[in-house]
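So the structure is just underneath, and the comments pick up after that.
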Amino acid sequence: MTSTVHRTCPLCEAVCGLTLTLDDGGHVTSVRGDKDDPFSKGFICPKGASLGRLDEDPDRLRKPLIREGELWREVGWDEAFTAVKAGLDRLADRRSIAVYLGNPNAHTMAGALYAAPLIKALGTRNVFSASTADQMPKHVASGLMFGHPLAIPVPDLDRTDYLLMLGANPLESNGSLCTAPDFPGRLKALRGRGGRLVVVDPRRTRTAALGDEHVFIRPGTDAYLLFGIVHTLFAEDLARPRHEVNGLAEVREAAKHFPPESVARRTGVPAETITRLARELAAAPTAAVYARIGTCTAEFGTLAQWLVDVLNVLTGNLDRPGGAMFPKPATEFAGRRRPYVVGRWKSRVRGLPEANGELPVATLADEIETPGEGQVRFLLTIAGNPVLSAPHGARLDTAFAGLDFMVSVDPYLNETTRHANVILPPPRVLQSGHYDFALLGFAVRNYARYSPPLLPLDERPSEAQILARLAMIASGLEGDLDAFVIDDMLGKATQTPGSGIEGRDVAELRDLLDGETGSERRLDLMLRLGPYGEWAGKGDLSLRKLLDNPHGLDLGALEPRLDEVLKTASGLVELAPPQLMEDVERLRGKLEEEPPEIVLIGRRHLRSNNSWMHNVGPLVGGSNTCTLQIHPSDADRLGLAGEAVVRSAKGQVTVPVEQTDTIMPGVVSLPHGWGHAGSAQNVAAEHPGVNVNTLTDETTIDVPSGNAVFNGVPVTISPTGVIIAH
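The opening residue of the sequence shown carries number 711 in the numbering used here; numbering runs sequentially from there.
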């Protein structure tokens, strides 16, 4: 006997619909794209096709583990939580607690709904996440320009006539901060309707190869290129903003210092190309500029993200069909206007400012290693592996070993969790409900889909229950966390004008909510209060409606809504935020700086999504390997063959060399997430690779956001066996 079921793929940002076949034992026998999903329309990538293998990975932990010396002991859940409570009770100061949230939290309901209450219960400001190793520059730029860090315009891919893409490779990543299933198909459709795709990247990626034009650029210089385009728009009177904005004159004045002839020397992009790109953007019927991780994880990441939307504003393409638009997610609740602020507190050791309630992960090791009041001694990690994903991972590896107590909520014993005293493993993917709270806020078409659990829980709690119980332990309270949160949300909504339920009774409303679990009831509440919800008076969306439509619901194309989105004090787009104009001076000061001889950049693989995907046999091997990509001219000049030693200011690795003319001279590339030598994960241990973050520098960050710098890292390279004196 077999059954056919449907769910959203939780393995990347594309939110593709899947059709799964299960046998009577609950084992996945096939995975196909869901052709009836109105958003993904049957698209599937190798990661989604391997969901069954990942879900049943024999190396996934089934029971909690407690470390005793160098040995691990399986225990029951009550004993595990008792051990966690004992570790917390030994703390004299809650300021010595730190929390690290890994990338998978953006792909789970538990991470979206329960991390914040848990952090509040722990009573700490030492919050770190993968966001400051990835996308914080975009949040900070959007927060300062539009008043909210999640007010991120996305390219209207299905209607644009011209797309300028920098530092993004969606044919490998499936898109990022731009949720678009079948991104390749959408780009092909853009070109098929006569549109133009220009890709700026130090590598001729699969995405660049698909485009009409590929422009090589020196890593880390995207802000200079974008400023050169801005300069040209003003110099040739091509700027045509469609909205009233603050700061237009300040941007015009700043751009005078970045003419194409000057930035060409810094970027490696010819001045005539910069000028032409500006003219093409201005002349296109509709256009959008989009930039992602390659531009975020650089020294001037926030300036690059800011300039992306400066260009969208100046060309008149912000908030218009075919331009850069703001999605309207089904769980959005407007709430009160609170202008965005950065730096409400600073890190203890380096004085780095907070952004979005987080401190930069680049300073986590400082907080653990440096003695004094508030020194971090207790660490909670949730679904993360910062030893491999954070800058100078080797230092974190050592720092974690010196903690007094560490707890990890994670399905694997990996390079980070091996330092934990207690590991609490969440259940399988198919035992968990799924709704993409975060990712649907960046979708190129408004859409909603809920996937209930496909298999019953065994003896373990759900991930939501694990995080909720940790929150209750930390707070010292008893009761139902979901009930507390639901009543709080309802209480605020009943006092918010325009919510649709202002003045109504909280208890009455609570009884109307559907859902088998606290997570489902909270989702139902958010849907009802959202812009399509029945309580908001603008639709009939609810959990029940999503359950009745298992393939998902198309909520329509993106529509202009800038006035709804803006949360700035002025009510206008702030085109020249003071914090960013200050950083422009730092950018200007390095305009004439000579580039290093060779710099390192990262690399994405289609069959991988960070380190936790390296233990699935079908996803490892082929193109998904850990090699050093280098241009043949550099390899010949350096006498490289076979393997090479790559050195930076922080460490060195020995790695196989892959010569390719798809990378520009003076640049080398290593993929991220590798470094599994000695791993407890069997497949990963057979394909260990090297940890690129042995080479990256935690002391170099993007100043406005605190984001780590992974692109443009100076390195030296030599054949194996050659010793270089420093």
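Quick reminder that beta carbons are idealized off the backbone N, C-alpha and C, glycines included.
Residue interval of the beta strand (DSSP E) (run including residue i)
{"i": "residue 782", "result": "781 to 784"}
{"i": "residue 1366", "result": "1362 to 1369"}
{"i": "residue 1346", "result": "Run containing residue 1346: none in the beta strand (DSSP E); it sits in the alpha helix (DSSP H), 1342 to 1348."}
{"i": "residue 742", "result": "738 to 743"}
{"i": "residue 838", "result": "837 to 839"}
{"i": "residue 1354", "result": "1353 to 1357"}
{"i": "residue 925", "result": "923 to 925"}
{"i": "residue 717", "result": "712 to 718"}
{"i": "residue 917", "result": "Looking at the DSSP string, residue 917 is not in any beta strand (DSSP E); the run it does join, the alpha helix (DSSP H), is 916 to 920."}
{"i": "residue 733", "result": "727 to 733"}
{"i": "residue 1377", "result": "1377 to 1379"}
8 Å Cβ cutoff met for residue i and residue j
{"i": "residue 795", "j": "residue 1183", "result": "yes"}
{"i": "residue 928", "j": "residue 985", "result": "no"}
{"i": "residue 924", "j": "residue 970", "result": "no"}
{"i": "residue 972", "j": "residue 1382", "result": "no"}
{"i": "residue 847", "j": "residue 1320", "result": "no"}
{"i": "residue 1181", "j": "residue 1239", "result": "no"}
{"i": "residue 1018", "j": "residue 1113", "result": "no"}
{"i": "residue 992", "j": "residue 1025", "result": "yes"}
{"i": "residue 751", "j": "residue 892", "result": "yes"}
{"i": "residue 1149", "j": "residue 889", "result": "yes"}
{"i": "residue 873", "j": "residue 907", "result": "yes"}
{"i": "residue 727", "j": "residue 1261", "result": "yes"}
{"i": "residue 880", "j": "residue 931", "result": "no"}
{"i": "residue 1007", "j": "residue 1420", "result": "yes"}
{"i": "residue 793", "j": "residue 1092", "result": "no"}
{"i": "residue 1049", "j": "residue 745", "result": "no"}
{"i": "residue 1308", "j": "residue 1410", "result": "no"}
{"i": "residue 1228", "j": "residue 1216", "result": "no"}
{"i": "residue 1095", "j": "residue 787", "result": "no"}
{"i": "residue 855", "j": "residue 1287", "result": "yes"}
{"i": "residue 1126", "j": "residue 1133", "result": "no"}
Residue i versus the options, residue with shortest Cα-Cα distance
{"i": "residue 1266", "options": "791, 733, 1098, 1031", "result": "1031"}
{"i": "residue 886", "options": "935, 821, 816", "result": "816"}
{"i": "residue 1256", "options": "1403, 1061, 1143, 931", "result": "1143"}
{"i": "residue 866", "options": "858, 860, 859, 875", "result": "875"}
{"i": "residue 742", "options": "945, 775, 730, 736", "result": "730"}
{"i": "residue 1367", "options": "1351, 780, 1360, 1268", "result": "1351"}
{"i": "residue 755", "options": "1414, 1344, 1315", "result": "1315"}
{"i": "residue 857", "options": "1208, 1052, 1402", "result": "1052"}
{"i": "residue 1275", "options": "1119, 965, 1036, 1157", "result": "1036"}
{"i": "residue 1003", "options": "1305, 1062, 911, 1157", "result": "911"}
{"i": "residue 821", "options": "1224, 1251, 1146, 782", "result": "1146"}
{"i": "residue 962", "options": "1294, 1300, 1365", "result": "1294"}
{"i": "residue 950", "options": "828, 996, 1250", "result": "996"}
{"i": "residue 1101", "options": "769, 1414, 1412, 1406", "result": "1406"}
{"i": "residue 1173", "options": "773, 1187, 1108", "result": "773"}
{"i": "residue 1361", "options": "1339, 1157, 1402, 1338", "result": "1402"}
{"i": "residue 1311", "options": "1332, 1068, 1009", "result": "1009"}
Whole-Å CB distance - residue i paired with residue j, under 8 Å assumed
{"i": "residue 1400", "j": "residue 1154", "result": "With a Cβ gap of about 36 Å, residue 1400 and residue 1154 do not count as contacting."}
{"i": "residue 761", "j": "residue 719", "result": "6 Å"}
{"i": "residue 1423", "j": "residue 1358", "result": "6 Å"}
{"i": "residue 836", "j": "residue 808", "result": "4 Å"}
{"i": "residue 1074", "j": "residue 810", "result": "7 Å"}
{"i": "residue 1437", "j": "residue 851", "result": "In the structure displayed, the chain extends from 711 to 1436; residue 1437 sits before or after that span and is not available."}
{"i": "residue 1263", "j": "residue 1233", "result": "Not confirmed; about 14 Å, so no contact."}
{"i": "residue 1346", "j": "residue 1376", "result": "The Cβ separation is near 14 Å, so there is no contact."}
{"i": "residue 1064", "j": "residue 1054", "result": "5 Å"}
{"i": "residue 1355", "j": "residue 1428", "result": "5 Å"}
{"i": "residue 839", "j": "residue 1124", "result": "Contact doesn't hold; Cβ gap of about 17 Å is too wide."}
Enclosing alpha helix (DSSP H) for residue i [first to last residue]
{"i": "residue 1077", "result": "1074 to 1079"}
{"i": "residue 1427", "result": "No alpha helix (DSSP H) holds residue 1427; the beta strand (DSSP E) holding it covers 1426 to 1429."}
{"i": "residue 936", "result": "932 to 945"}
{"i": "residue 853", "result": "846 to 856"}
{"i": "residue 1229", "result": "1228 to 1239"}
Closer than 7 Å: residue i CB and nearest the ligand GDP heavy atom
{"i": "residue 908", "result": "Absence of the ligand GDP is noted for the structure shown, with no ligands found whatsoever."}
Residue i at chain D interface by Cβ criterion, 8 Å
{"i": "residue 872", "result": "Among the chains in the structure shown there is no chain D, since it carries only a single protein chain."}
Exercise. Enumerated in chain order, which unbroken segments of the beta strand (DSSP E) with a length of 3 residues or greater are wholly contained in the segment 773 to 828?
Worked result: 775 to 778, 781 to 784, 807 to 811
For this session: Please list the segments of the alpha helix (DSSP H) lying wholly inside the segment 976 to 1034, counting only runs of 4 or more residues, in order along the chain.
Result: Qualifying alpha helix (DSSP H) stretches, in chain order: 981 to 993, 1003 to 1006, 1011 to 1024.
For this session: Note down, one range per segment and in chain order, each alpha helix (DSSP H) of at least 4 residues found wholly within the segment 860 to 908.
Result: 880 to 883, 893 to 902
Exercise. Which parts of the segment 1165 to 1220 are runs of the alpha helix (DSSP H), unbroken and 4 residues or longer, counting only runs that do not cross its ends?
Worked result: 1173 to 1185, 1191 to 1204
Exercise. Can you give, in chain order, each stretch of the beta strand (DSSP E) that sits fully within the segment 1070 to 1158 and has at least 3 residues?
Worked result: Listed in chain order, they are 1088 to 1092, 1115 to 1119, 1132 to 1134, 1156 to 1158.
Exercise. What are the start and end residues of each continuous beta strand (DSSP E) run of 3 or more residues lying completely inside the segment 1258 to 1342, in chain order?
Worked result: Counting only runs of 3 or more, we get 1263 to 1266, 1309 to 1311, 1338 to 1340.
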